[in-house]
Amino acid sequence: MRNVLPASVKKGPWTREEDELLSCYIAREGEGQWQTLPKKAGLLRCGKSCRLRWMNYLCPSVKRGHISADEEDLIIRLHRLLGNRWSLIAGRIPGRTDNEIKNYWNTHLSKKLTSQGIDPKTHKPLSSSSPNPNHNLNHSSSSRDQTKTISANSHENISNPNSINLNGGPRSDDILSHSPDDVFTSFLDSLINDEMCSEHTPTA
DNA sequence: AAGACAGGCAACCGCCAGTAG
DNA sequence: GCTACTGGCGGTTGCCTGTCT
2 MRNVLPASVK KGPWTREEDE LLSCYIAREG EGQWQTLPKK AGLLRCGKSC
52 RLRWMNYLCP SVKRGHISAD EEDLIIRLHR LLGNRWSLIA GRIPGRTDNE
102 IKNYWNTHLS KKLTSQGIDP KTHKPLSSSS PNPNHNLNHS SSSRDQTKTI
152 SANSHENISN PNSINLNGGP RSDDILSHSP DDVFTSFLDS LINDEMCSEH
202 TPTA
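Numbering (my numbering), first residue to last: 2 to 205.
Printed below as a string of structure tokens:
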């Protein structure tokens with residue numbers, strides 16, 4: 002049986018007391034063990050709810066408040082590269098959570114792009130409806146598939162360094178000496194750099 | 001002043017991948 | 001190899017608040 006919660010489990014907005022209980026417990030015991038955490042911390046919440054609350058609101062590294070123009074620009078660029086991979090996008094923007102970015106995209110940026118005549122899904126002009134399958138990542142596939150594609154590419158690059166465009170990106174010997182996560186991070190950096198270069202130096 | 005409406009955001013839900021037994 | 005469990009993710013919902021009529 003999965004997701005069978007006791008009838009007493011609480012839902013809805015968190016109270017200040019609950020926040021304090023959760024924060025104190027994690028400060029004392031650390032993160033993790035989310036399934037058993039609520040009971041140990043004296044909370045009537047499910048583990049998932051505790052994790053979400055911590056990750057999106059209580060974690061000290063979370064930066065709350067207005068998203069700057071630079072951050073907004075970065076979100077748009079990353080979304081163009083990654084699609085709806087909010088956790089990946091959030092990972093590139095310090096202090097911002099996937100949920101916050103997802104909400105900001107859905108409430109602000111998608112409308113902003115639409116008002117500029119840009120399809121927020123494909124980042125192409127709304128007038129040209131035919132998607133280009135070779136443009137960066139394949140937006141027609143599901144977001145999870147996109148992750149697989151990106152990951153597959155990045156791992157392929159480990160075994161075959163010649164297949165990666167290293168212009169401005171990581172050197173092949175760096176790739177081989179780094180963990181897969183580092184490789185992916187470097188790969189993403191190179192994609193972003195390429196993106197910015199191509200935007201400022203249009204090709205013939 | 002009050003009801004209707006829309007926008008923003010916190011939180012929930014369901015699915016999937018990884019992993020331990 | 002199979003099963004159950006856990007953590008993580010993206011999509012979606014629904015409440016709260018501000019604005020409009």
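All C-beta atoms, glycine included, are put in the ideal place defined by N, C-alpha and C. Here the structure is a predicted model, which is why all the values come from computation and not from measurement.
With distances taken between CB atoms, is the gap from residue i to residue j smaller than 8 Å?
{"i": "residue 51", "j": "residue 61", "result": "no"}
{"i": "residue 53", "j": "residue 24", "result": "no"}
{"i": "residue 102", "j": "residue 90", "result": "yes"}
{"i": "residue 73", "j": "residue 97", "result": "no"}
{"i": "residue 77", "j": "residue 105", "result": "no"}
{"i": "residue 94", "j": "residue 114", "result": "no"}
{"i": "residue 10", "j": "residue 65", "result": "no"}
{"i": "residue 88", "j": "residue 99", "result": "yes"}
What do you get for residue i, buried or exposed, if any count of 16 or more other CB atoms within 10 angstroms of its CB means buried?
{"i": "residue 157", "result": "Model confidence at residue 157 stands at a pLDDT of 38, short of 50, so the residue's coordinates are unreliable; what they give is reported in the following sentence. Looking at its Cβ environment, which holds fewer than 16 other Cβ atoms inside 10 Å, residue 157 is exposed."}
{"i": "residue 19", "result": "buried"}
{"i": "residue 172", "result": "Caution is warranted here: a pLDDT of 38 is assigned to residue 172, below 50, making its placement in the model unreliable, and the coordinate value is therefore given only provisionally. Classification for residue 172: exposed."}
{"i": "residue 29", "result": "exposed"}
{"i": "residue 187", "result": "buried"}
{"i": "residue 127", "result": "exposed"}
{"i": "residue 12", "result": "exposed"}
{"i": "residue 37", "result": "exposed"}
{"i": "residue 17", "result": "exposed"}
{"i": "residue 123", "result": "buried"}
From the DSSP secondary-structure annotation, give me the bridge partner or partners of residue i.
{"i": "residue 95", "result": "The partner list for residue 95 (beta bridge, DSSP) is empty, contrary to what the question assumes."}
{"i": "residue 126", "result": "119"}
Three CB pairs or more closer than 8 Å across the segment 63 to 82 and the segment 31 to 50: no
Entirely within the segment 39 to 87 and at least 4 residues each: give me those alpha helix (DSSP H) ranges in chain order. Complete alpha helix (DSSP H) runs here, min 4: 48 to 54, 70 to 83.
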